[in-house]
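Numbering-wise, the sequence shown is residues 1440 to 1610 according to the numbering used here.
By construction, the Cβ of each residue, glycine as well, lies at the ideal position given by its N, Cα and C atoms.
Here the structure is laid out as structure tokens; the discussion comes afterwards.
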Amino acid sequence: MTDASAHFDQSAPLDQTASAAGLLTMISNQLGSQLGQVSLRGRRRTPHLVLVAHGSRDPRALATVGELVERIRELRPHLPVHLAHIELNAPLLTDVLAALEHGGQAVLVPLLLSRGYHVKQDLPRAAEAAAHLRTRVAAPLGPHPLLVDVLHQRLTEAGWPAQLTERARRR
1440 MTDASAHFDQ SAPLDQTASA AGLLTMISNQ LGSQLGQVSL RGRRRTPHLV LVAHGSRDPR
1500 ALATVGELVE RIRELRPHLP VHLAHIELNA PLLTDVLAAL EHGGQAVLVP LLLSRGYHVK
1560 QDLPRAAEAA AHLRTRVAAP LGPHPLLVDV LHQRLTEAGW PAQLTERARR R
């Protein structure tokens, strides 16, 4: 068995970097649109937004998530935004929740693509364990049409015939 981090290409081609930046922009815009609908008026305490990433051995993943967190902070400067990880990177979700003030509110936003084990099990357990907070777990990022578009883009970048992916997208 090999170390998973040994398989990452540390020198990503420019088109992959541009694609990652494009994806980051699309996700930031979508979150910004949804956050624009959140009203903080009339609340005694502003809820904490906890963006929950999986964690990765690839240092580029941490950098990408960090950029997303900074973009959200720019979009909502009065909203306390925290980054947490399920595993592999600090800060861990349990540590972030433990550090929030007693009686506060937190919304956990999974930066995950599907409603899998982490969203159905790990996040609710972490929220329940943080009994000093009122918590809610938001839906994961996907499935979302933007992610389908990015998947199509990634397939064609990898050499998959564009006409085959276009036909599959129309189904």
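- Looking at the DSSP output, T1595 sits in no beta bridge, so it has no partner there.
- Counted as a single uninterrupted DSSP element, the beta strand (DSSP E) harbouring A1545 occupies residues 1544-1549.
- DSSP places A1537 in the helix class (H, G or I) of the three-state scheme.
- Distances from the CA of G1543 to each of G1494, L1572, V1520 were compared; the closest alpha carbon is that of L1572.
- For A1500, the enclosing alpha helix (DSSP H) covers residues 1498-1514.
- Judged by pairs of C-beta atoms under 8 Å, the region 1504-1515 does not touch the region 1575-1590, as fewer than three such pairs exist.
- A direct Cα-to-Cα measurement between P1530 and A1523 gives close to 5 Å.
- Collapsing the DSSP output to three states places A1570 in coil.
- In the displayed model, R1575 falls within a strand according to three-state DSSP.
- In the three-state reduction of the DSSP assignment, H1557 falls in the helix class.
- The C-beta distance from V1535 to H1521 rounds to 5 Å, short enough to fall under 8 Å.
- For A1492, the enclosing beta strand (DSSP E) covers residues 1487-1492.
- In the structure shown, L1518 adopts coil according to DSSP, grouped into three states.
- Burial state of A1566 is buried, judged by a 10 Å Cβ sphere holding 16 or more other Cβ atoms.
- Its chain contains H1493, G1494 as the residues whose beta carbon lies nearer than 8 Å to that of E1526, once the 5 sequence neighbours on both sides are disregarded; these appear in chain order.
- Contact between A1545 and H1487 holds: CB atoms are separated by about 4 Å, below the 8 Å threshold.
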